[in-house]
Every structure is written in structure tokens, then in C-alpha cells.
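J.:
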């Protein structure tokens, strides 16, 4: 989407068809909804109960049998899910789990992109109101309608891009799985990961002084900058939750670079407060795209006792880095971590004269 002047944006906001919701539904989903739950089940050759389960797994509200809520696109989706199970000899639970994975990620993606376009189309005079306490994070009707129309206009270009990105990430996930399997052949304790948390300092007090839109801008900037730093060093962002980012990496040296760069990047950004980073090394359990286990808990608890603008690591990370150049470990006093026990953390720093790259500047 190319940049536009405020006048062009106003023209887009006013040039809106009256029955917009119906037009958008038709353009995105095809013909109007004409089928009830029993009819769509019969056409897809699945039981009503299975159709209900699949529909619910895809993240949609359960409807009454008499409600004409389903389109040809819905029928095609139900057939595909049923064929996935039948053609590949998958049990229903696995097929439902695959559908649920699509639903969870697609829902967030759709909301995220809708908000991005709405913010882009918000006229400058509205953006100037963010200092007011009653500034709304929800766009007004004109902006919302313009954003809806713009998204539908570019959906055919976005769809193949989404499939391409998914295939690339699927390739990476399969590669990691195969590498972990090979490692497990030699070491039953594998897979091992460095797990890190980056936590914005004084976030709660900041929230009380900000409007919703200001808060949204801060969180978006934090997520963008953290993702840039983590992925530049080959790490994975597992999730972001407001003021916190969870990331993992296979290599301790790359994870150390991530931690130090996160502190530097956040510290130099005028929009963001300082960040604290805690990292631990050990075995992790991966489920539903998330990571769990004692290593994750240890990294989280360690982050909570890390001073602002610094990086604390556990003894396993410190041991892995001890033979590498470019890093210095400063032993700290022993601390008791709730649910973990007493540990001796190490502050991670760059060794004197170590090169300091600024990968985040390339993405600013």
C-alpha cells in the first residue's frame, strides 16, 4: 500500500457503499449463506456432530440447526477438513487439532491486519487527539468502513503471501524437529534451548498515564523492535504478552547477543522504557507453538529479579559462554526464586573492546 496524503485518505473514507457488510461477506466468502447445519453436514458427507466439532474448532460460534449461516465456502472448508482426516488416515482428534491451530493463528492475524490498516487510514487530525484522555483505540465509523474496503481490495494479494510465509515457517519447523531428533539420538536430555524473557520496566505505572492509543503504539513498537532483534540473530519469538517477550535459541552465544541487543535497542528508543532480560538454558517442552518446563520458569523468575537495563543468566548459560570471546559474566549474590529455589545468577555484559553490532537500526 503506497503512502497517501490526508486529502486522499479523506476521499477513501467517504467513498463507501451503503450495504458494506453484505458486500464484504459476498466478496470474501462467495454467495450468501443459504444452508443450515444439517444441510451442510449432508453435503460434506459428515455427521452433524462431526460438523459441529469442526466448525467449533475453526473458532466459529455454534448455531442452531435451523439457522441459515453457511455458504459454499463453508461447505468447501468442511469438506477439506473431513478429507484431511479420511485421505491421510488421521483420527478426528488430530484433524480437529490441526483445524484449531489454523483458527487460533488466523484469528489473531486477521484482527492484527485490520487494526494496522485502520491506523494507517486514520486522518492526521484524529491522530493529533491521542494526548486527550478520551482518545479512542477503536476507529470511528468512516475510518472503519474505509479500512474494511481497503482490506477486501488487497485480499487476493495477501492470500498467496500468507501461504508462502506459512510454508517457509513450516520448513523451518520441520528442520528444527529433524535436528532435535538427531541430537536426541546422542543425548536423551535434548532438545536443549536458551530461553529468554524481555520485560519492560515500570509498565504498570506507564499504563496508568497513557491513552489506549498511546499504549497500543508503545506495545506495537516493543513487539516490532524485539522481533527484529531476535530474528536477526536466528532466534524465535514464541509469544508477546503486552510488556513481555518470550524467545528461544539453540545457541548460547546468539542468545547472549539477543539479550544484550534488546537492552541496547530499548534503551536507545525514545518511545520505550528500559527493559530487563533473564535467560536460562536447559530442556524445554514444546506444545501448541509454546514452550513449557522448568527452564522456562527459571528464565521467567530470573527476569523478575534482574535490574533495569541489564541481562541476568543462570549458571548453565554462563558456563556455555565462559569459553567464548566477546562476553563477560559477573557473578551476583545468591537469590531465591519462587518455585525454583536458590540460584547464583550472572550478569551478562560485553567484554571490553567487543564489537557492538546494531542490527535493529537496519529495520527502524
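Numbering (our numbering), first residue to last: 68 to 431.
Cβ coordinates follow ideal geometry from the N, Cα and C atoms, glycine included.
The structure displayed is predicted, hence computed values, not measured ones.
Do residue 362 and residue 349 have their beta-carbon atoms positioned less than 8 angstroms apart in this structure?
T.: The answer is yes: Cβ separation under 8 angstroms.
J.: Compare the C-alpha of residue 103 against each of 95, 295 and 131 and name the closest.
T.: Nearest C-alpha to residue 103: 131.
J.: Who does residue 345 pair with in a DSSP beta bridge?
T.: Bridge partners of residue 345: 264 and 379.
J.: Is residue 325 helix, strand or coil by DSSP?
T.: Three-state DSSP puts residue 325 in a helix.
J.: Taking the alpha carbon of residue 106 as the reference point, which residue from 139, 127, 374 and 95 has its own alpha carbon closest?
T.: Comparing Cα positions, the closest option is 139.
J.: So, with DSSP's three-state summary, where would you put residue 408?
T.: Note: residue 408 maps to strand in three-state DSSP.
J.: I'd like the span of the alpha helix (DSSP H) that includes residue 100, first residue to last.
T.: It is not in any alpha helix (DSSP H) - residue 100 carries neither H nor E in the DSSP assignment.
J.: Output the distance between the C-alpha atoms of residue 466 and residue 367, rounded to the nearest integer angstrom.
T.: Coverage of the chain is limited to positions 68 through 431, which leaves residue 466 absent and any answer about it impossible.
J.: Have a look at the DSSP bridge pairing and note the partners of residue 315.
T.: Its beta-bridge partners are 262 and 303.
J.: Rounding to the nearest angstrom, what Cα-Cα distance links residue 202 and residue 231 in this structure?
T.: Here residue 202 scores only 47 on pLDDT, less than 50, and its place in the model should not be relied on; the value that follows carries that caveat. Using only the alpha carbons, I get a separation of about 38 angstroms.
J.: Identify, in the order they occur along the chain, each residue of the same chain with its Cβ nearer than 7 angstroms to the Cβ of residue 407, setting aside the five sequence neighbours on each side.
T.: Correct list, in chain order: 364, 365 and 368.
J.: Going straight from the alpha carbon of residue 336 to that of residue 270, what length do you get?
T.: Between residue 336 and residue 270, the C-alpha separation is close to 15 angstroms.
J.: Measure the C-alpha to C-alpha separation of residue 309 and residue 266 and round it to an integer number of angstroms.
T.: Going by the C-alpha atoms only, they are around 9 angstroms apart.
J.: Under the three-state reduction of DSSP, which class applies to residue 135: helix, strand or coil?
T.: Here residue 135 sits in coil by DSSP.
J.: Could you tell me which residues DSSP pairs with residue 413 in its beta bridges?
T.: In the DSSP output, where bridge partners are listed per residue, residue 413 has 380 and 398.
J.: Using only the alpha-carbon positions, how far apart do residue 329 and residue 152 sit?
T.: Roughly 43 angstroms separates the two Cα atoms.
J.: Express the C-alpha separation of residue 418 and residue 393 in angstroms, rounding to a whole number.
T.: Straight-line Cα distance between these residues: approximately 5 angstroms.
J.: Buried or exposed for residue 141, going by 16 or more other Cβ atoms inside 10 Å?
T.: By the 10 Å Cβ count, residue 141 comes out buried.
J.: Could you check whether the region 312-327 touches the region 375-390, counting it as contact only if at least three pairs of C-beta atoms, one from each stretch, sit closer than 8 angstroms?
T.: Touching, per the Cβ criterion.
J.: Leaving out the 5 sequence neighbours to the left and right, which residues in its chain are closer than 8 angstroms to residue 114 when beta-carbon positions are compared?
T.: Closer than 8 angstroms at the Cβ level, and outside the excluded window around residue 114, lie 108.
J.: Got a sec, what are the start and stop residues for the beta strand (DSSP E) residue 353 sits in?
T.: Its beta strand (DSSP E) spans residues 352-354.
J.: According to the Cβ coordinates, are residue 181 and residue 213 closer than 8 angstroms?
T.: In this structure, residue 213 does not lie closer than 8 angstroms to residue 181 by Cβ.
J.: If we ignore side chains and look at the alpha-carbon of each, how far apart do residue 241 and residue 303 end up?
T.: The alpha-carbon atoms of residue 241 and residue 303 are separated by roughly 14 angstroms.
J.: Go to residue 434, then tell me how far its beta strand (DSSP E) extends in each direction, as first and last residue.
T.: In this structure the chain extends from 68 to 431, so residue 434 is not present and cannot be described.
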